[in-house]
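Scroll down for the structure; my scribbles are underneath it.
Residue numbers (the UniProt record's numbering): 1 to 91.
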C-alpha cells in the first residue's frame, strides 16, 4: 500500500535538501530502509497537521470576527428600537 501523495511530498521535502532533484520513489525507498523511518513519517504527518491546524484557526478567527460584527450590529439596532420605545412612553 502506498502512502498518500501529500505525505510522500512532505517526506521528500524533509529528507531531500533543496536544490537536489532526486526521484521521489528513490527517496521513499531510502527512507523505508532507514531504521528511523517511523520518526520521518511522524515528522511528515506532524507538518501536515500543523499547517492544517493553523489554516483552520485563521479561518475560525475570521469567521468569528464576521459574526461578532453582525451580532454587534443586530444588538445595536435592538437597543435603538428599545430606546425609541421608551422615549415614546415617556411624557
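Glycine residues also receive a C-beta, built at the ideal position from the N, C-alpha and C atoms.
Distances from the CA of residue 27 to each of 9, 35, 43 were compared; the closest alpha carbon is that of 9. Between residue 40 and residue 31, the CB-CB gap stays under 8 angstroms.
Shortest Cα-Cα distance from residue 42 to any of 15, 62, 54 involves 15. With fewer than 16 neighbouring CB atoms inside 10 Å of its own CB, residue 19 falls in the exposed class.
Membership of residue 28 in the alpha helix (DSSP H) is indicated by the continuous run 24 to 33.
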